[in-house]
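Taking the numbering used here, the leading residue of the sequence shown gets 3, the next gets one more, and so forth.
A virtual CB, placed ideally from N, CA and C, is assigned to each residue, including glycine.
Okay, structure first, notes after.
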Amino acid sequence: MTAIYTFDIFSSLDGFGAASGNWTGYWGKQGPELLEHRHAQYGQKQRMVFGANTYRAFVEMLSSGTEESEVRDPWVTRMINLPATVVSTTLRGPLDWPDATLVSGDAVEVIALLKEESDVPLRSHGSLAMNRALMAAGLVDRVQVTIFPVITGQTGMSPIFQGAQDFDLELVENLTLDNQIQELTYRPALHH
């Protein structure tokens with residue numbers, strides 16, 4: 003049985019994964035339903051998958067945050083404590099993550115093998131370039147996009163799907179959280 007792989011990403015309405023300027027985390031739009039939902043999602047047995055850049059960003063963000071800051075929301079604490087695979091050709095161990103395994107090599111090959119061997123679902127939060135490559139290789143089973151009610155046309159950073167292949171998407175689940183945040187989960191298929 004092949005493990006289900008979910009590409010989990012936060013986005014502005016115009017498709018950016020982050021913004022500069024005076025935007026805060028979650029673009030300042032998080033509410034209790036979103037945080038409780040994320041906490042429940044990350045309470046399930048699963049393995050996290052990160053590319054080197056996202057791993058470095060999380061470690062830097064977590065080291066600069068206090069226990070009370072949003073970078074330490076309960077769901078983030080759960081994510082940190084899940085087993086993780088970090089795919090990189092540049093990082094060297096040991097990793098500053100409680101239960102992380104560093105795997106050197108091509109992400110497509112590494113994740114194809116991991117999907118075959120894993121007895122729990124796989125989830126990647128972020129890791130845009132890696133996940134675009136995995137989608138193109140047909141290894142992403144679910145794309146979960148949490149859309150925050152903002153447009154960051156001037157300050158948007160990290161366009162989520164910039165440079166991605168064309169995909170047809172089948173909507174498999176949708177939720178509205180805190181009356182304004184949309185979580186859309188799709189099954190992607192390369193468009194031919």
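Practice item. Check whether the Cβ atoms of S66 and I149 sit closer than 9 Å, and answer yes or no. Key: no
**Study point:** Neighbourhood of G17 by C-beta, 7 Å cutoff - its chain only, sequence neighbours within 5 removed
**Key:** P161, I162, F163
Exercise for review: Rounded to whole angstroms, what's the CA-CA distance from A166 to D10? Just pull it up for me.
Suggested key: 16 Å
Exercise for review: Starting from the Cα of E172, find the closest Cα among P190, G158, Q182 and give me that residue.
Suggested key: P190
Review point. Considering only C-alpha positions, which residue in the set A42, A102, R80 is nearest to R58?
Key: A102
Exercise for review: Using a threshold of 9 Å, state whether the C-beta atoms of K31 and V147 are closer than that.
Suggested key: no
Check your understanding: DSSP puts L136 in a beta bridge; with which residues?
Key -> Answer is none; L136 lacks a bridge partner.
Check your understanding: Distance, Cα to Cα, V212 vs W99?
Key -> As shown, the chain starts at 3 and ends at 194. That puts residue 212 outside it, with no answer to give.
Exercise for review: Write down every uninterrupted run of the beta strand (DSSP E) in the stretch 23 to 86 whose length is 3 residues or greater and which is fully enclosed by it, in chain order.
Suggested key: 49 to 53
Review point. Going along the chain, which unbroken runs of the beta strand (DSSP E) with 3 or more residues stay wholly within the stretch 142 to 170?
Key: 144 to 150, 158 to 161
Review point. Once you ignore the five residues that flank W77 on each side, which residues in its own chain have a CB closer than 6 Å to its CB?
Key: R40, H41, Y44
Review point. How should K117 be labelled, buried or exposed, when 16 other C-beta atoms within 10 angstroms of its C-beta is the threshold for buried?
Key: buried
Review point. Excluding the five sequence neighbours on either side, which residues of its own chain have a C-beta within less than 6 Å of the C-beta of P96, listed in chain order?
Key: none
Exercise for review: Just tell me which of L84, G27, A21, G19 has its CA closest to the CA of R49.
Suggested key: L84
Exercise for review: Could you tell me whether the Cβ atoms of T178 and V145 are closer together than 9 Å?
Suggested key: no
Check your understanding: So which of A5, D75, L124, G155 has the shortest CA-CA distance to G33?
Key -> D75
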